[in-house]
Amino acid sequence: MPITDILERNCRLYGDDICLVEINPEVRDTRRVTWKEYELIEPAPRPYYRREITWNVFNEKANRFANLLLSRGVGKGDKVAILLMNCLEWLPIYFGILKTGAIAVPFNFRYSAEEIEYCVNLSETDVLVFGPEFIGRIEEIAERISDKRLLFYVGTSCPSFAEDYVACTADCSSQSPAIAIDDHDDAAIYFSSGTTGFPKAILHDHESLMHAAKVEQKHHGQTKEDVFLCIPPLYHTGAKMHWMGSLLTGGKAVLLKGTKPRSILKAVSEERCTIVWLLVPWAQDILDAIDRGEVDLSDYHLAQWRLMHIGAQPVPKSLIQRWKKIFPHHEYDTNYGLSESIGPGCVHLGVENIRKVGAIGVPGYGWEVKIVDEQSNEVQQGEVGELCVKGPGVMTCYYNDPKATAEVLKDGWLYTGDMAKQDEEGFIYLVDRKKDVIISGGENIYPVQIEDFLHGHDAVKDVAVIGLPDRRLGEISAAIIECKPGFSCTEEEINEYCRQLPRYKRPHKIIFADVPRNATGKIEKPKLRHIYRSENLVAAQTEADQ
Numbered sequence: 380m381p382i383t384d385i386l387e388r389n390c391r392l393y394g395d396d397i398c399l400v401e402i403n404p405e406v407r408d409t410r411r412v413t414w415k416e417y418e419l420i421e422p423a424p425r426p427y428y429r430r431e432i433t434w435n436v437f438n439e440k441a442n443r444f445a446n447l448l449l450s451r452g453v454g455k456g457d458k459v460a461i462l463l464m465n466c467l468e469w470l471p472i473y474f475g476i477l478k479t480g481a482i483a484v485p486f487n488f489r490y491s492a493e494e495i496e497y498c499v500n501l502s503e504t505d506v507l508v509f510g511p512e513f514i515g516r517i518e519e520i521a522e523r524i525s526d527k528r529l530l531f532y533v534g535t536s537c538p539s540f541a542e543d544y545v546a547c548t549a550d551c552s553s554q555s556p557a558i559a560i561d562d563h564d565d566a567a568i569y570f571s572s573g574t575t576g577f578p579k580a581i582l583h584d585h586e587s588l589m590h591a592a593k594v595e596q597k598h599h600g601q602t603k604e605d606v607f608l609c610i611p612p613l614y615h616t617g618a619k620m621h622w623m624g625s626l627l628t629g630g631k632a633v634l635l636k637g638t639k640p641r642s643i644l645k646a647v648s649e650e651r652c653t654i655v656w657l658l659v660p661w662a663q664d665i666l667d668a669i670d671r672g673e674v675d676l677s678d679y680h681l682a683q684w685r686l687m688h689i690g691a692q693p694v695p696k697s698l699i700q701r702w703k704k705i706f707p708h709h710e711y712d713t714n715y716g717l718s719e720s721i722g723p724g725c726v727h728l729g730v731e732n733i734r735k736v737g738a739i740g741v742p743g744y745g746w747e748v749k750i751v752d753e754q755s756n757e758v759q760q761g762e763v764g765e766l767c768v769k770g771p772g773v774m775t776c777y778y779n780d781p782k783a784t785a786e787v788l789k790d791g792w793l794y795t796g797d798m799a800k801q802d803e804e805g806f807i808y809l810v811d812r813k814k815d816v817i818i819s820g821g822e823n824i825y826p827v828q829i830e831d832f833l834h835g836h837d838a839v840k841d842v843a844v845i846g847l848p849d850r851r852l853g854e855i856s857a858a859i860i861e862c863k864p865g866f867s868c869t870e871e872e873i874n875e876y877c878r879q880l881p882r883y884k885r886p887h888k889i890i891f892a893d894v895p896r897n898a899t900g901k902i903e904k905p906k907l908r909h910i911y912r913s914e915n916l917v918a919a920q921t922e923a924d925q
């Protein structure tokens, strides 16, 4: 069954129920309101910072966009990119694309204009839907990407180089288009990165999306009564696939456009959220705000919050121990996944296994797992090897890249590039990362991109970027810079130079030192990690918390 059929079913069963809420705390009333006060004002009209739609409205919006695309000649196999911040329009647009048989292509909202253009060309995008935050970036490349491509703008004051999404969909039919979709039809392209640092286009089919929904429902015992609070960006497979559990059960989800502790707790309280997915930094911030007395939990109604889920990066054991002291009634779960495995769930801890905090868990619903050596032979229990997964959520391929596909897909197994070991009970622990990637606050940072940029500085002879442990973000990036003979440079000068980079790519730490290379000219990053105490980073974090 394609995932779009679940949306149609929800309309039949729960059509007038609220399915999606958007809260923007940046424009809400800043007056502090306690839960008791909120109960008194609840019958009043909903405040302006909150928007909501029902399943029927969701489906009508999806159908209107689908019919607009079909009227413009967009259909099966075509690619439609989404470049939006989290908003009420995001998911209906995504499903509108799927209903045509076209392929949805979510873009990372952190992309620079150059990266957007690269991904448009890599995925052979036919249509780009973007919001007001991206006008400048799209305008910069509009002339180069607009040839034979449609540009739709979601927001007020539509720029001249695009068409207004609301105006264009207004007169389109709200009836579902009669397009036959098979489970194995291509559904979505997500972006990851290879060792070169350039994004790879990851192709998934409808079966993959449906399995993600089943995984979320199974792992968390999700029902229609659950309310899911979604804070991470929807371009992430993790955020969207967690929401798929709400889709499968017909439950309500809340999109919160803010990560401050008070904003999160207030949304949980007001919307009666039962499941909350947090990244490590946000959980740390909540605990720190409580410790500093900046947040009074008695101001919020949190009794219904049953599950705290953390993913997207290694989770410090000490964080969960602190959390359970303050929220002893919370169930805790984490999982492991990657874009090539349609996000979270191929390995998960399970709420019943709190004693195993530090592990990423056991094989998830419908998944197989093995750990292998360099010759693809399974290692003995307790030995370190590469983690491999197999299941319905494994990608179809890297789009238009058969060589890269063959390197990671072997006999149906996805070779993740992550090193792991398994204990005597079958629980899996991450040990290190085979791939040269830094995970900071749930975001992947690719050192080669920063290294290439820093090589452009006049004083830089050589540079290596590695990850260093960080209590809040998990990792931060550090640039080890070797200056040219006769040149000198300061940390302030490098930081100023790096202002040209997107904020999340700017190195957190600058170290001036020689950059070691081996006989073949490759940077000896293991040596640097050892020198700066980031060797076996994941294992080091786990052991430090025990």
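In the working numbering, the protein residues as written are 380 to 925. All C-beta atoms in this analysis are idealised placements derived from N, C-alpha and C, irrespective of residue type, glycine included.
Residues bridged to residue i [DSSP beta-bridge criterion]
i, result
"Y768", "Checking the sequence, you will find Val at residue 768 rather than Tyr. V768 is bridged to V748 and L793."
"K888", "A857"
"V741", "H727"
"P485", "I461"
"D849", "G853"
"Y808", "K800"
"R430", "E401"
"E496", "None; E496 has no bridge partner."
"V736", "A738"
"S625", "Answer by DSSP bridge pairing: none, since S625 is not bridged."
"G722", "L717"
"I818", "N823"
Proximity winner among the options, relative to residue i (alpha-carbon distances)
i, options, result
"S587", "I860, Y744, G761 and G846", "Y744"
"I643", "A838, L676 and L582", "L676"
"P826", "L613, Y883, L788 and H621", "Y883"
"D564", "I385, H583, K579 and F570", "H583"
"V816", "R896, E870, E854 and T638", "E854"
"P485", "K478, M464 and E493", "M464"
"K703", "S718, I665, E673 and H680", "I665"
"F325", "K527, P538 and L501", "Residue 325 falls outside the range modelled here, since the chain spans only 380 to 925, and no answer is possible."
"V674", "H708, V694, K639 and P695", "K639"
"E830", "M380, S502, N823 and A843", "A843"
"A557", "K789, L392, D384 and H688", "D384"
"D678", "L627, G846 and R641", "R641"
"G600", "I818, L470, L399 and Y711", "Y711"
"T713", "W684, V659, Q683 and S755", "V659"
Residue i (DSSP reduced to helix, strand or coil)
i, result
"E753", "coil"
"I705", "helix"
"V839", "strand"
"R528", "coil"
"C776", "strand"
"K788", "Note on residue identity: the sequence assigns Leu, not Lys, to residue 788. Reduced to three states, the DSSP call for L788 is strand."
"T383", "helix"
"I476", "helix"
"N389", "helix"
"D831", "helix"
"V758", "coil"
"N714", "strand"
"C398", "strand"
"H909", "helix"
"T504", "coil"
"G603", "Note that residue 603 is Lys in the sequence shown here, rather than Gly. The answer is coil: DSSP assigns K603 none of H, G, I, E or B."
"L449", "helix"
"C862", "strand"
"V436", "helix"
"L880", "coil"
"L470", "helix"
Same chain only: Cβ atoms within 8 angstroms of residue i, ignoring 5 sequence neighbours per side
i, result
"I397", "E431, I432, T433 and K631"
"C862", "A838, V839, K840, C868 and F891"
"A423", "Confidence at A423 is low in this model, with a pLDDT of 38, below 50, so the placement of that residue should be treated as unreliable; the coordinate-derived value is given next. There are no such residues."
"N435", "C390, G394 and D395"
"C609", "N465, A618, H621, W622, A632, V633, L634, L635 and W656"
"E604", "G630 and T653"
Residues near residue i in its chain [Cβ-Cβ closer than 7 angstroms; skip 5 each side]
i, result
"F806", "K735, A738, G740 and V741"
"K597", "Y744"
"T616", "Y569, S718, I721 and G722"
"E822", "Y883"
Same chain, Cβ closer than 6 angstroms to residue i, neighbours up to 5 away in sequence not counted
i, result
"I420", "Note that I420 scores 39 on pLDDT, short of 50, meaning its location in the model is unreliable; the coordinates nonetheless yield the value given after this. Contacts found: none."
"R443", "T548, C551 and S553"
"E870", "I889"
"R407", "Here R407 scores only 42 on pLDDT, less than 50, and its place in the model is too uncertain to base an answer on."
"Y473", "A483"
Output the residue ranges of the beta strand (DSSP E) runs that lie fully inside the segment 627–698 and measure 3 residues or longer, sorted by chain position.
-> 631–635, 654–657 and 686–689
Whole runs of the beta strand (DSSP E) within the segment 514–589, excluding any shorter than 3 residues | 529–532, 565–572 and 578–584
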